[in-house]
Every structure is written in C-alpha cells, then in structure tokens.
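Chains as they are written, first to last, in our numbering: chain A, 158 to 424; chain B, 2 to 334.
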Amino acid sequence: MTRLKGEQVTIGYGDHVIVDNLDVQIPDGKITSIIGPNGCGKSTLLKALSRLLSIKSGAIKLDNADIHAQSTKEIAKKIAILPQSPEVADGLTVGELVSYGRFPHQKGFGRLSAEDKKEIDWAMRVTGTYDFRLRSINDLSGGQRQRVWIAMALAQRTDIIFLDEPTTYLDISHQLEILELITQLNKEQGCTIIMVLHDINQAVRFSDHLITMKNGDIVADGDTEDVLTKDILEKVFNIDVEISTDPRTGKPMLVTYDLCKKSYSEV
Amino acid sequence: MTTKRKGKLNFTATFSIACVLLIIALMISILYGDAKIHLTTIFEAIFDYNPKNQQHNIISEIRIPRDIGAILVGVALGTSGAVIQGVTKNGLADPSLIGLNSGAAFMLALTFAFYPTAPFLVMMFAGFIGALIGGFIVLMIGRSRSDGFNPMRIILAGAAVSALLTALSQGVALLFRLNQSLTFWSAGGVSGTTWNQLMWAAPFILVSLVIIVSMSKQLTILNLGETLAKGLGQNVAFTRGITLILSMILAGIAVAMVGQIAFVGLMVPHIVRYLVGTDYARVIPLTAVVGGLLLLVADTIARMLGEAPVGAIISFIGVPYFLYLVKRGGRFS
Chain A
158 MTRLKGEQVT IGYGDHVIVD NLDVQIPDGK ITSIIGPNGC GKSTLLKALS RLLSIKSGAI
218 KLDNADIHAQ STKEIAKKIA ILPQSPEVAD GLTVGELVSY GRFPHQKGFG RLSAEDKKEI
278 DWAMRVTGTY DFRLRSINDL SGGQRQRVWI AMALAQRTDI IFLDEPTTYL DISHQLEILE
338 LITQLNKEQG CTIIMVLHDI NQAVRFSDHL ITMKNGDIVA DGDTEDVLTK DILEKVFNID
398 VEISTDPRTG KPMLVTYDLC KKSYSEV
Chain B
2 MTTKRKGKLN FTATFSIACV LLIIALMISI LYGDAKIHLT TIFEAIFDYN PKNQQHNIIS
62 EIRIPRDIGA ILVGVALGTS GAVIQGVTKN GLADPSLIGL NSGAAFMLAL TFAFYPTAPF
122 LVMMFAGFIG ALIGGFIVLM IGRSRSDGFN PMRIILAGAA VSALLTALSQ GVALLFRLNQ
182 SLTFWSAGGV SGTTWNQLMW AAPFILVSLV IIVSMSKQLT ILNLGETLAK GLGQNVAFTR
242 GITLILSMIL AGIAVAMVGQ IAFVGLMVPH IVRYLVGTDY ARVIPLTAVV GGLLLLVADT
302 IARMLGEAPV GAIISFIGVP YFLYLVKRGG RFS
C-alpha cells in the first residue's frame, strides 16, 4: 500500500523546470531516503511531496486526495516536516517550541488541552529532550537542537514525517544518534519516514527504500539492496565504486570510490 | 544558574509593574504643567466635574486628552513595530523605517491640500491608505525571491521610499502653502489632541490591538520561519496579510493624530523581547503598555522643556539605539 504518491509531477520556479513529469510512490511504514547529486531536485521533490512547494502540473495524492487541494491545517495533522536547518527561535524554551507541534490540532486561541500536554510530554521523552524542557533553545548544542525539532514534528502526531538533511552540520556521533532515533520512531510508532540524505552509506544503512535522482528525474527506486548497484551509482553520481557487505549490518556499503572520468559531471 | 539570560522575567509580574508605572506616569503628567494642580483635584475633575472650575477644565480638556493621546499613539506605534518586526523577521523594522509613517504623512498632506476641513475620521483613513501605500512599496522591493524578507534590503528601500514620500509631502505643502502645519506633522506632537480625535482613534487602535493579541500565537509560529509555519499548517499568506494591514492601520492612525514619530516601534519591542523572550503572546501586550509609557514620559519631558516636539525627544534616544542595533547586524533580539 502506498498512501502518498506523486503522479506526473512537474515542479519549477518561474520558467525554470526542476522536476519534469515525475511519478513517485512512497511505501507506507518504511524509511525512504532520497539521494542524488547537488541540484538534482531531491529537496524540491521533498518540499512538493510535503505540500510546502506548489507544483506546476500533475498531482501529489495522500489517500487518493490531492494534498494541494486540501486545507494546509488538515494536511498538518497527517504530515510533519522538519526543514533543512530551521531558524533558531531566540528566547523560546524547548517545551514551548515542542508545544507548537500541537498547533494543527488546536482551535481558537490555542490553549493546550490535557491531551496536547500528554503528546508534548511523550514527544520530549521519546527524543530525550524532556530533561531540558525549561531551557532556552539558544543554550543547546546542534545535536540537542535537532532532537528538539524532531520532538516538535512528533508532537504533531502524524503518520508521515519528512526530514530534509536531518544530519547536516552534526558530528558523526550526533548523526548516528539522530538516525537511530528516526529508525526507532519508524519501528515503534510505525511512522512513514521520507528524508534527504547526503551520505550514501548512511542512507543504505538506515533506510528500507531508496530513491536516486539526477537532473530532476528518478534514476532508480526500490528496496535499498536492489538500488545500490555499481551501475546506478555511476549513472547518478558519476562515481566508480566498490560495493561490499557491511560486516555489522549485513547491508551493502561503499568501500571506496573515485570519479569515473576526469571530466566534471554535467549538470 | 548564575548567568543572567534574556527573556527570563516573569511575564505577569513584568506586565503588572509596567501597568503600575503607566498609571504613576499618567498622574505625574497630569499634575505637571504651567498651572499648578493638586492630586485631589484630578479625582475631583474626573468624578465630580465642575465646568466652571478652570483647573477642572485644564485637566479634562487639555491634559487628560493629551496624555491619553500620547498613550494611544505609543500603544499603536509599539504594537505596529512588534508586528512588522515579527512578520518581516527584521529586527530593524519600524513603522517609520519601512515607509508607513512617511506614506501616511504624504496622504495627510494631500488631504490638507484638497480637503482642508476634513473630519478626523477622514484623516485617519488617509493615514491608513498612505501607510498601506508606503509599506507595500517598501515590502515589495525588500522581499527576496526565494524566502521571506531581506532585512538590509528593506531598510534601504525604506530609507529611499521615505525620502521620496517626504519630498512629495513637502512639494504638496509648498504648492498649497501648507508649510505651517507640516512642520508640526514632521516633528510630531500630541499637544493638540482633542476628545473628538480620541473618540475616533481609540476604538480603532484598541480593536486592532485585540485582534493582534488574539493572533499572537500565529505570529510566534510565523517567526519560526515560513517553511516550518507552513508545515505546522499555518496559512502564512493570510497571517502575514492580516497582521500587516492591522499594523498599517495602527501606524496610519498614529500619524493622523500626532504626525511622524520614529523609533517607538523599533525600540519598544526590542526592550520587551529582552525582558520576556520572543513569544508574541507575551511580547504584544507588554509592548503595548511599554509603548504607551514611553510616549507619555517623552511627552511629559517635552512639555518640561517648553513644548519641544515629542518626536525629537524620542529620536534623541532612538537614533543611538538604532545605530547600536545596526552595528550588531540587525539581529532579531
């Protein structure tokens, strides 16, 4: 079953078309990663699928209904999105920030109900941010901050969560921490996760489904093991790779890689 | 924790203190003036008004309207500034710096030229239309193609558009020989406030304020960035549109009442955010009270200095403050 899909989607700014006539399906309850070179349209596709960006033609459908034709607040009950490096909200506490995740569920003046409070507490506990709920967001490290943003998305209580490069600017241990948290959410809550990642090995290790993109088009998509082949990576990134098996996870991994030709990859 | 962090003051306490200060300042302001008046006379004038008592007349016809006028203008300009700073995510924004005040003044100059006997309601409307035009031009120029507003571009566009509109106002003034009244408009003063003006201005200012307070959570969420706000299900264009129009109404009315007073909308929200943080549910009400307080105190000082223009008194603090903020790079708080 796929609740979320794009049909003949064309996206662009002004006259500039970035994604042209693309069909895509997001498997339910799985972790999907979108990978591809800079400027290939992966972030653009992510924004369109999460209705942040309007599309020129085609349709993005959630449960067979066009998401761009629905109220943005209704969609916010089904889809949460963590943008790439969100702006820091000066002076807000962690608890306040996470509470804004309840916004789509509130009416009128937005007083928090008992249920809202329960969800906020839960979101902070799952992400390990409960202990600093009273601290200002400014005082947190990059990794802690990222977990707060994830907590906010969780407080929305959606089945589908989008993350745009959730590990950017984090060191390796914090990257793993975030990716493990995402995996845990997928396994325990059954959330459908769609994210853009840069590190191919991380994408392979932490996702069930892989979408590879180049020049606004999908080169290959499917189960991670099927997509991660020498041929496809050459097509997508113009790199020549050695693929082996990760001795710990049993998943494929890139051992070493080089540029295919001396020529720069054409954009 | 020993380090002092901003936004850590208790809101209820801070808000109460600000209200008490406002009442004390109001008392002092009514008492102070050329004619000596006792505190008890104020209460007599309010609760047991005698039209033949000259002191009662001074209190009810000159001092109280003037002071209430000052407070309302401070409320309007402060709130307008807080909204504009929030919506444009620009810590340097102020009704005067993004063309609202000069736009309003221009429309008022036109009104004076073609409709010299215009009632105050018409002047308020002219002020609002002018603020709308000035603000629209500046925000359209300052809006970047990709995401949101560029702070420095808005400031530059604001300076250019304000200069143009001010020049046009002066042109109109010269052409129609309005010089006398326009000096007053550009310097700003509340001395001429009448009950008639207050009757029209107060409801508009207060209703706008109430709507903005009711939308304060929306403003806080908008402040998290356009992407996140949309993701949380906010209708970003709607929120921006409504709050900006309300801020233009506030600025337009303020200019119609007292002429151009800059920097109130810049300074007050900054001070308030420093005190209670960036949540607009706290920022807006406190900004309203502190804005009223600032303008009332400035007007009282202006009177002590022998009717100096209140706009000049405010600029005396406002300009250094603005330069300090520019030096810090216009960061949001």
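The beta-carbon is built from N, C-alpha and C at its ideal position, and this holds for glycine as well.
Everything numeric in this text was worked out from a predicted model, so none of it was measured.
Residues sharing a beta bridge with residue i, DSSP
{"i": "B:L32", "result": "Paired residue(s): none; B:L32 is not in a bridge."}
{"i": "A:Y414", "result": "A:V398"}
{"i": "A:M370", "result": "A:I375"}
{"i": "A:M352", "result": "A:S190 and A:L320"}
{"i": "A:V181", "result": "A:G163"}
{"i": "A:G169", "result": "A:V174"}
{"i": "A:D380", "result": "A:H366"}
{"i": "A:P409", "result": "A:T402"}
Alpha carbon of residue i to alpha carbon of residue j, nearest angstrom
{"i": "B:N11", "j": "A:S293", "result": "15 angstroms"}
{"i": "B:A114", "j": "B:L176", "result": "9 angstroms"}
{"i": "B:A36", "j": "B:Q56", "result": "8 angstroms"}
{"i": "A:E399", "j": "A:T386", "result": "9 angstroms"}
{"i": "B:T4", "j": "A:I192", "result": "Its pLDDT being 34, under 50, B:T4 is placed unreliably in this model, and the value from its coordinates should be taken loosely. If you take the alpha carbons of B:T4 and A:I192, they lie about 44 angstroms apart."}
{"i": "B:I69", "j": "B:I262", "result": "16 angstroms"}
{"i": "A:K264", "j": "A:K230", "result": "11 angstroms"}
{"i": "B:L40", "j": "B:P321", "result": "36 angstroms"}
{"i": "B:R241", "j": "B:K53", "result": "51 angstroms"}
{"i": "B:E62", "j": "B:I43", "result": "12 angstroms"}
{"i": "B:M124", "j": "A:P243", "result": "43 angstroms"}
{"i": "A:L203", "j": "B:A289", "result": "41 angstroms"}
{"i": "A:D185", "j": "A:T381", "result": "15 angstroms"}
{"i": "B:P286", "j": "A:N178", "result": "50 angstroms"}
{"i": "A:K362", "j": "A:I188", "result": "Here the sequence assigns Arg to residue 362 of chain A, which means Lys is not the residue at that position. For A:R362 and A:I188, the distance between alpha carbons rounds to 11 angstroms."}
{"i": "B:L326", "j": "B:A71", "result": "26 angstroms"}
{"i": "B:L169", "j": "B:R178", "result": "14 angstroms"}
{"i": "B:Y116", "j": "B:L140", "result": "30 angstroms"}
{"i": "B:M153", "j": "B:L267", "result": "15 angstroms"}
{"i": "A:N395", "j": "B:F323", "result": "52 angstroms"}
{"i": "A:A360", "j": "A:L354", "result": "6 angstroms"}
{"i": "B:S103", "j": "B:G92", "result": "20 angstroms"}
{"i": "B:L1", "j": "B:S17", "result": "Residue 1 of chain B lies beyond the range of chain B shown here (2 to 334); nothing can be said about it."}
{"i": "B:M200", "j": "B:A19", "result": "25 angstroms"}
{"i": "B:F264", "j": "B:G172", "result": "25 angstroms"}
{"i": "B:A119", "j": "A:V245", "result": "48 angstroms"}
{"i": "B:F126", "j": "A:S200", "result": "45 angstroms"}
{"i": "B:V284", "j": "B:G278", "result": "7 angstroms"}
{"i": "A:T325", "j": "A:P240", "result": "11 angstroms"}
Pair within 9 angstroms by beta-carbon distance, residue i and residue j
{"i": "A:L367", "j": "A:D378", "result": "yes"}
{"i": "B:A110", "j": "B:A255", "result": "no"}
{"i": "A:I168", "j": "B:T228", "result": "no"}
{"i": "A:G300", "j": "A:I335", "result": "yes"}
{"i": "A:T349", "j": "A:R160", "result": "yes"}
{"i": "B:V259", "j": "B:V191", "result": "yes"}
{"i": "B:L73", "j": "B:I85", "result": "no"}
{"i": "A:Q303", "j": "A:L327", "result": "yes"}
{"i": "B:S163", "j": "B:G135", "result": "yes"}
{"i": "A:G285", "j": "A:D316", "result": "no"}
{"i": "B:G82", "j": "B:L296", "result": "no"}
{"i": "B:R67", "j": "B:D300", "result": "yes"}
{"i": "A:V283", "j": "A:L254", "result": "no"}
{"i": "A:S190", "j": "A:S364", "result": "yes"}
{"i": "B:G131", "j": "B:A106", "result": "yes"}
{"i": "B:I206", "j": "B:L165", "result": "no"}
{"i": "A:Q165", "j": "A:S228", "result": "no"}
{"i": "A:I375", "j": "A:V251", "result": "no"}
{"i": "A:D223", "j": "A:A216", "result": "yes"}
Inside the segment 240-319 of chain B only - alpha helix (DSSP H) runs reaching at least 4 residues | At a cut-off of 4 residues, the continuous stretches assigned as alpha helix (DSSP H) that sit fully inside the segment 240-319 of chain B are 265-277 and 281-305.
Would you list, in sequence order, the uninterrupted beta strand (DSSP E) runs of no fewer than 3 residues that lie entirely inside the segment 247-325 of chain A?
-> As far as the segment 247-325 of chain A is concerned, its whole beta strand (DSSP E) runs of at least 3 residues are 317-321.
Flag this pair as touching only if the segment 268-276 of chain A and the segment 270-280 of chain B have three or more C-beta atom pairs under 8 angstroms; answer yes or no.
-> Here the segment 268-276 of chain A makes no contact with the segment 270-280 of chain B; the two share fewer than three CB pairs at distances below 8 angstroms.
How do the segment 398-414 of chain A and the segment 192-212 of chain A stand: do at least 3 beta-carbon pairs fall below 8 angstroms, yes or no?
-> They do not touch, by the three-pair rule.
Can we say the segment 300-310 of chain B touches the segment 23-31 of chain B, given the rule of at least three CB pairs closer than 8 angstroms?
-> Touching, yes.
Along the chain, which unbroken stretches of the alpha helix (DSSP H) at least 4 residues long are found entirely within the segment 189-250 of chain A?
-> Restricting attention to alpha helix (DSSP H) runs no shorter than 4 residues, the segment 189-250 of chain A encloses them at 199-206 and 229-232, ordered along the chain.
When the Cβ atoms of the segment 91-105 of chain B are set against those of the segment 156-166 of chain B, are three or more pairs found closer than 8 angstroms?
-> Contact between the segment 91-105 of chain B and the segment 156-166 of chain B is present, because at least three Cβ pairs lie under 8 angstroms.
Does the segment 202-222 of chain B come close enough to the segment 233-240 of chain B that 3 or more CB-CB pairs lie under 8 angstroms?
-> Yes, the segment 233-240 of chain B is in contact with the segment 202-222 of chain B.
Along the chain, which unbroken stretches of the alpha helix (DSSP H) at least 4 residues long are found entirely within the segment 16-90 of chain B?
-> Counting only runs of 4+ residues, the alpha helix (DSSP H) found wholly inside the segment 16-90 of chain B occupies 40-48, 55-58 and 65-89, in chain order.
Length at least 4, wholly inside the segment 114-173 of chain B: the alpha helix (DSSP H) runs in chain order | For the segment 114-173 of chain B, whole alpha helix (DSSP H) runs of length 4 or above, ordered along the chain, are 121-143.
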